[in-house]
Every structure is written in structure tokens, then in C-alpha cells.
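For the sequence shown, the residue numbers in our numbering are 8 to 399. Only one structure is covered here, and it is reproduced in the block below.
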Amino acid sequence: MAEPTADVEDPRLAAVAWARLAEPGDELAVGLVAALGPVAALAWLRREAWDPPAGEREPWERARARWRPRLDGLDPARELAQITRLGGTVLHPADRRWPRAFDDLGPRAPQCLWVRGDPELAAHAIEGGVAIVGARAATPYGEHVAFELAAALAGDGRVVVSGGAYGIDAVAHRASLAVNGPTVAVMAGGLDRFYPTGHTELLTRVAREGAVVSELGPGSAPSRSRFLTRNRLIAALAAACVVVEAGWRSGTMSTAQHAARLLRPVGAVPGPVTSASSAGCHRLLREQLAVCVTDAEEVRELVAELGPAATAGMERDRERDDSAVRLDDVPPGLAPREALVWEALPARGAAHPDSVVRVCGLAHGEVLAALGLLELRGHAVRDGDRVRRVAR
């Protein structure tokens, strides 16, 4: 390996360096930077002799083996100059314009955010903005519904967030631009070369009138894994997520699942039961990960979460079954940590472990350990990547 570049003392440049060193969603990298700060974390990585930050050598050895090869030729100042030449900028968590909605991602938050366009627009998306996503191979029905929804919501001044892809994503961006509304496109690669290339003109306009963002620096190529990890950013940025069309197993489904884990309300537009393009929407509705939305007003209610219909439904639920956990509901014999985790699970439905972490305030590893013990004792059961209580 060639000699690494000189030490970096600027936190912004160090954050840029970490965005190059670690792949998106690398929880150890995010945890290390959060604990030490980007500058000290980078200095730690450069050292040949080192001590594991948490006393566990094996996972940190593997992490260093992933990161250290990328020190070769690392030049964050050059990357910063590249985005500046493109008329953009880069934000990091200490920047006042940093989207605080990313805090909800916890250890999967991005190290920095590259922006072409309005650098504050992404931060405002959580204030009533909506992610509108769907199939690349969209039907005329799906495109029509997506355009109507995006135009109405962007016309309200709500930020419409999507992924810039063919199909529903592109329609959502075009509809927003058509009404001079705000829109943000989240990329899975560097902002020096827009992808798909067939949308270069569209994305250039989004960058001029809205914002195009990415957690990856210039020269980073999009890949399937990066598209899937990118979807968590789309879900996090907006106050709600709406799926217009999606296949049974599609990348769009991952965006909806991320939104649900982040406790963002999810809406799904129904379609013909004979259409494979709507199978994913129907799956979300059947599995109760989404509510049915058919027009912009229903999406506005979804964002508000406490529209008249929702409030009435909540009141009926309270009359029928008080879902609050009482002290005597906790299974007997649980240690304090296990009881805390059990109480953090919803009374109805299932929760992803990341949601349990946010609710109970324990470390991720502590929650996983407690959930494992609850499963062994029959107080909880796995439901895919989620966990639900077992009724006593």
C-alpha cells in the first residue's frame, strides 16, 4: 500500500475522508466517528499499533482491514474541490444545515452529504415533505397517480423526495418542477456523473431548482448494494413515504420498510389486483406496513398523522383496548434490562430492533441480547426482521 496522505485536521475534510473509507451504512465506522470525532478517528485508523475502542479486537480488525486499503491515495481536499467546481458543497453532522432527520438512522447515518443545489432543502424535507417512490417499469396508471400526488403536494410547498430513477421517481420530480415546487433527488453514486445517464437533463434541472444529494463522493459508482442502502436516506429525509407502484420484491419495498422502521407513516396506492406492478403495494397493505392512500388529501392526513379519521380511530382503539403497558403486564421474572426491552415492543404489531433501541434508550447490542433472551423464554417471537410480543 502506498504512503497514506498527510494527517487531516479539518473536521469537514475528515468527514469527507470517512465517506470514502467506509461503505454507506457501516455501523462500526459511524460509531467510531461519533465516539472520537472524525479527525481523531482518522488518526486512529492511520496508526499501525492500535487498541480496540471497545475492547473487542476481532470486529475492529475486520473493520480496519476494510478501511485501511482506501487510505491509499485518499485526498479529501481534492474531492471537496471537485464538488465545488460542480457548483455544489458537502455537509457533515456539525454543519448547521445538516438534515437532523438523519439522526433517526442512528449507527447507519451517513458520514456526510454531498449536495448540488439548495443545501438547506434536504433538511426541510422532514417538515411535512413526502417521499414518493415506485416502480421503474411504471404503468400509465401509476405515472398518472404519481404526477397528481406530487404536483398537489409540491404545490403546497412540501418537499417531494425521490430517487431520480426511471418510472415513478422521475414522474414525482417532473411533477414537482412543473408546479415550481421543491424536490430532492437522492443518488446512489457520486454527483459528478448523474445516474441514470438518460436522466442527466432532468437531474441537472432538479439540481438547479431543487437539490440532488448523495452520501458518496465524486467518482463513486452506483451499485445494487448502494441503491439499497441509499433507500434508507430517502425514507429518513421525508415525514412520510408513499409507494405508488412496486413489484412483490423490488427496491421500492426496501424504502417503505426503512420508513416503517424509522416510524415514518407509509402509504400505498392500490392498483388492479391483476397487475404485478401493484403487487408490492398490496403486500404492504396486507402486512399492515402501510395505509391505503388514493389522493393528495389522504397523503396530507398521513403526514399529519392526527387527521380527523386517524384521531377517531385512535379514540376507538382506546375505548376497545388500552394499549399502554401497565407495570403488572410485564412478564414476571424478567431482569430490569429485559423488562425495559419488552416494554419497548409495541402492544400490537411488531417492531424492528432499531426502533426498540430508540424507544428504550439502550445500546444496540444490549437490545439484541435482551431480545434473544426474551425469545428463548417465549416472551417474544421473530416476524421476519421484526420482533413481536407473545401474549401471556
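Note that the Cβ used here is the ideal one computed from N, Cα and C, for glycine as well.
By the 10 Å Cβ neighbour count, where 16 or more other Cβ atoms means buried, how is residue i classified, buried or exposed?
i	result
P147	exposed
T207	exposed
H151	exposed
L383	exposed
D111	buried
S169	buried
S257	buried
G94	exposed
S221	buried
T236	buried
A129	buried
Q406	The structure shown does not extend to residue 406, since the chain is modelled only from 8 through 399, so no value can be given for it.
A42	exposed
A275	buried
P66	exposed
G174	buried
E55	exposed
L205	The residue asked about is misnamed: residue 205 is Gly in this sequence, not Leu. The residue is exposed, with fewer than 16 neighbouring Cβ atoms inside 10 Å.
A331	Residue confidence for A331 is low, a pLDDT of 36 falling below 50, so the modelled location carries little weight and cannot support an answer.
E134	exposed
D33	buried
G379	exposed
R271	buried
A158	buried
P126	buried
Just how far apart, CA to CA, sit residue i and residue j?
i	j	result
T190	A132	9 Å
V122	V46	22 Å
R85	A263	36 Å
R393	D361	9 Å
V186	A48	45 Å
A192	A311	23 Å
V2	M260	Since the first residue shown for the chain is 8 and the last is 399, residue 2 is missing from the structure and cannot be characterised.
L269	A172	23 Å
H371	G113	10 Å
A108	S284	30 Å
G164	L381	46 Å
P229	L341	46 Å
C119	T281	43 Å
A346	P83	46 Å
G141	A253	5 Å
R212	L87	22 Å
R143	I241	16 Å
T301	P106	29 Å
L209	R181	8 Å
G80	D176	36 Å
A316	R92	Bear in mind that the predicted position of A316 carries a pLDDT of just 33, short of 50, making it unreliable; the figure below should be weighed with that in mind. Cα-Cα distance, rounded: 50 Å.
E305	V251	13 Å
V376	L20	What sits at residue 376 in the sequence shown is Ala, not Val. Taking the straight line joining both Cα atoms gives about 36 Å.
M194	L296	25 Å
S227	S183	27 Å
E68	A214	40 Å
W25	G188	34 Å
H359	E16	38 Å
W57	W51	7 Å
G197	E63	34 Å
P76	R27	11 Å
V217	V166	The residue asked about is misnamed: residue 217 is Gly in this sequence, not Val. So the two alpha carbons sit approximately 9 Å from each other.
Give the secondary structure of residue i by DSSP, where H, G and I count as helix, E and B as strand, and everything else as coil.
i	result
V276	coil
D176	helix
T236	helix
A398	coil
A358	strand
S169	strand
A387	strand
V15	coil
A331	Any reading at A331 needs caution, since the residue's pLDDT is 36, under 50, leaving its predicted position unreliable; the model's value is listed next. Residue state, collapsed to three classes: coil.
V298	strand
Measure how close the beta-carbons of residue i and residue j come, nearest whole angstrom, since I'm counting them as under 8 Å.
i	j	result
P338	H386	5 Å
V374	V388	Rounded, the Cβ-Cβ distance is 16 Å, inconsistent with contact.
G124	V219	6 Å
A101	P18	6 Å
G356	R293	About 14 Å; that fails the 8 Å criterion.
P31	R233	6 Å
A138	C248	4 Å
Is the closest heavy atom of the ligand ADP to the C-beta of residue i under 6 Å?
i	result
A283	Ligands are entirely absent from the displayed structure, and the ligand ADP is therefore not among its contents.
- Query: Enumerated in chain order, which unbroken segments of the alpha helix (DSSP H) with a length of 4 residues or greater are wholly contained in the segment 79 to 156?
  - Reply: Listed in chain order, they are 83 to 92, 128 to 131.
- Query: What alpha helix (DSSP H) runs, 4 residues minimum, are completely inside the segment 185 to 272?
  - Reply: The qualifying runs are 207 to 216, 231 to 244, 258 to 268.
- Task: Report the residue ranges of all alpha helix (DSSP H) runs contained in full by the segment 38 to 76; include only those spanning at least 4 residues, in chain order.
- Result: With a minimum length of 4 residues, the continuous alpha helix (DSSP H) runs that stay inside the segment 38 to 76 are 45 to 53, 64 to 74.
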